[in-house]
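Undergrad:
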Amino acid sequence: DTAVSQTPKYLVTQMGNDKSIKCEQNLGHDTMYWYKQDSKKFLKIMFSYNNKELIINETVPNRFSPKSPDKAHLNLHINSLELGDSAVYFCASSQDGRLDYGYTFGSGTRLTVV
Amino acid sequence: QKEVEQNSGPLSVPEGAIASLNCTYSDRGSQSFFWYRQYSGKSPELIMFIYSNGDKEDGRFTAQLNKASQYVSLLIRDSQPSDSATYLCAVRAGGKLIFGQGTELSVKP
């Protein structure tokens, strides 16, 4: 199946821990993103990578570090987790240069920090 | 002012009625506009896009764009209970997709 896949789907962890979320797309897209969706359903962009290069870095604490080993993969590592990091994190991808092309989202990772 | 604004709802319509969802945006340089549907516990799913002024129809869905008024809308005709979801308006500007806070739609049988 062609898709954007994320792992894990659920992540429950204690404050202060470090965790990673992985994302892979097999759509051949050039650009990948991380979005955070809070409890009010607001989707906010965090990072964007184009062909392994960081192109968007919104105002995100530096505890969050994205890594893109190749254009099909984008991982998110979070250090020293805080209660406020609890949210659903979505990976997405898109094809450059097309105004009519929206983003394809992964199924999301629900992170709960206790 | 938020970059993309939507009424959060909930918007409740009876089955078979027309549901009208609205969105305004602040960046006049915005290039294209999208409507996503998100069921509870699921990921956003693209249902419509538009980048020219006017109407665009796809089945029961019609997207409307007015760049002068910085306004985008989505009409859902013959609403079904299965249309009950949160609808997210998204605007492509500055190389990224910026989302509104979503409108929760409830279609009552």
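Taken in order, these protein sequences are the chains called G and S. Just so we're aligned: 69 in this note's numbering is position 69 of the first sequence, and the numbers increase by one with no gaps anywhere. Heads up, this note's numbering is the position in the second sequence plus 114, with the first residue counted as 1. All C-beta atoms, glycine included, are put in the ideal place defined by N, C-alpha and C.
#1: What first and last residue would you give for the beta strand (DSSP E) that runs through Ala177 of chain S?
#2: Using only the alpha-carbon positions, how far apart do Asn136 of chain S and Gln120 of chain S sit?
#3: Could you pull out every residue in the same chain whose Cβ sits closer than 8 Å to the Cβ of Ala204 of chain S, ignoring the five residues on either side in sequence?
#4: When the Cβ atoms of the region 182-199 of chain S are set against those of the region 9-22 of chain G, are three or more pairs found closer than 8 Å?
#5: Which residues in the same chain as Leu111 of chain G place their Cβ atom closer than 7 Å to its Cβ, once the five residues preceding and following it in sequence are excluded?
#6: Heavy atom of the ligand MG less than 7 Å from the Cβ of Leu125 of chain S, yes or no?
#7: Please name the residues in the region 160-184 of chain S whose beta-carbon is closer than 7 Å to at least one beta-carbon of chain G, in chain order.
#8: Sorted by chain position, which residues of the same chain lie with C-beta nearer than 6 Å to Gly108 of chain G's C-beta, five sequence neighbours on each side aside?
#9: In whole angstroms, give me the CA-to-CA distance for Leu171 of chain S and Gln178 of chain S.
#10: Determine the closest residue to Leu202 of chain S out of S:Ser193, S:Glu218, S:Arg191, S:Gln194, with distance taken between C-alpha atoms.
#11: Below 8 Å on the Cβ atoms is my contact criterion, and I expect Pro158 of chain S with Phe42 of chain G to pass it. Report the Cβ-Cβ distance as a whole number of Å.
#12: Rounded to whole angstroms, what is the Cα-Cα separation between Ile78 of chain G and Asn26 of chain G?
#13: Using DSSP with H/G/I as helix, E/B as strand and the rest coil, what is Ser157 of chain S?
#14: Residues of chain G with a CB under 9 Å from the CB of Ser140 of chain S: which are they?
#15: Report the start-end ranges of each alpha helix (DSSP H) in the region 30-90 of chain G that is 4 residues or longer and not cut off at the edges.
#16: Quick one: what's got a C-beta closer than 6 Å to Ser94 of chain G's C-beta in the same chain, skipping five residues either side?
#17: For Lys44 of chain G, I'd like the list of residues in its chain whose CB is within less than 8 Å of its CB, leaving aside the five on either flank, ordered along the chain.
TA: Looking at the coordinates:
#1: Taken as a continuous stretch (DSSP letters only), the beta strand (DSSP E) holding Ala177 of chain S covers 175-180.
#2: About 6 Å.
#3: Excluding residues within five positions, the ones whose Cβ falls inside 8 Å are Val118, Phe147, Phe148, Trp149, Tyr150, Leu211, Ile212, Phe213, Gly214.
#4: Judged by Cβ distances under 8 Å, the region 182-199 of chain S makes no contact with the region 9-22 of chain G, as fewer than three pairs qualify.
#5: Result list for Leu111 of chain G: Leu11, Asp85, Ser86, Ala87, Tyr89, in chain order.
#6: Of ligands this structure carries none, so the ligand MG is not represented either.
#7: Correct list: Leu160, Phe163, Tyr165.
#8: Excluding positions up to five away in sequence, the list reads Val88, Phe90.
#9: Reading off the sequence, residue 171 of chain S comes out as Glu, not Leu. Answer to the nearest angstrom: the Cα atoms are 9 Å apart.
#10: It is S:Glu218 whose Cα lies nearest to the Cα of Leu202 of chain S.
#11: With 8 Å as the limit, Pro158 of chain S and Phe42 of chain G do not qualify as a contact, their Cβ atoms being about 12 Å apart.
#12: Ile78 of chain G and Asn26 of chain G: Cα-Cα distance of roughly 24 Å.
#13: The DSSP-derived three-state label of Ser157 of chain S is coil.
#14: Those within 9 Å of Ser140 of chain S in chain G number zero; the least Cβ separation is about 16 Å.
#15: Complete alpha helix (DSSP H) runs here, min 4: none at all.
#16: Once the five neighbours on either side are set aside, the close Cβ partners of Ser94 of chain G are His29, Thr31, Tyr101, Tyr103.
#17: When the five nearest sequence neighbours on each side are left out, the beta carbons in the same chain lying within less than 8 Å of the beta carbon of Lys44 of chain G are those of Tyr35, Lys36, Gln37, Asp38, Glu58, in order along the chain.
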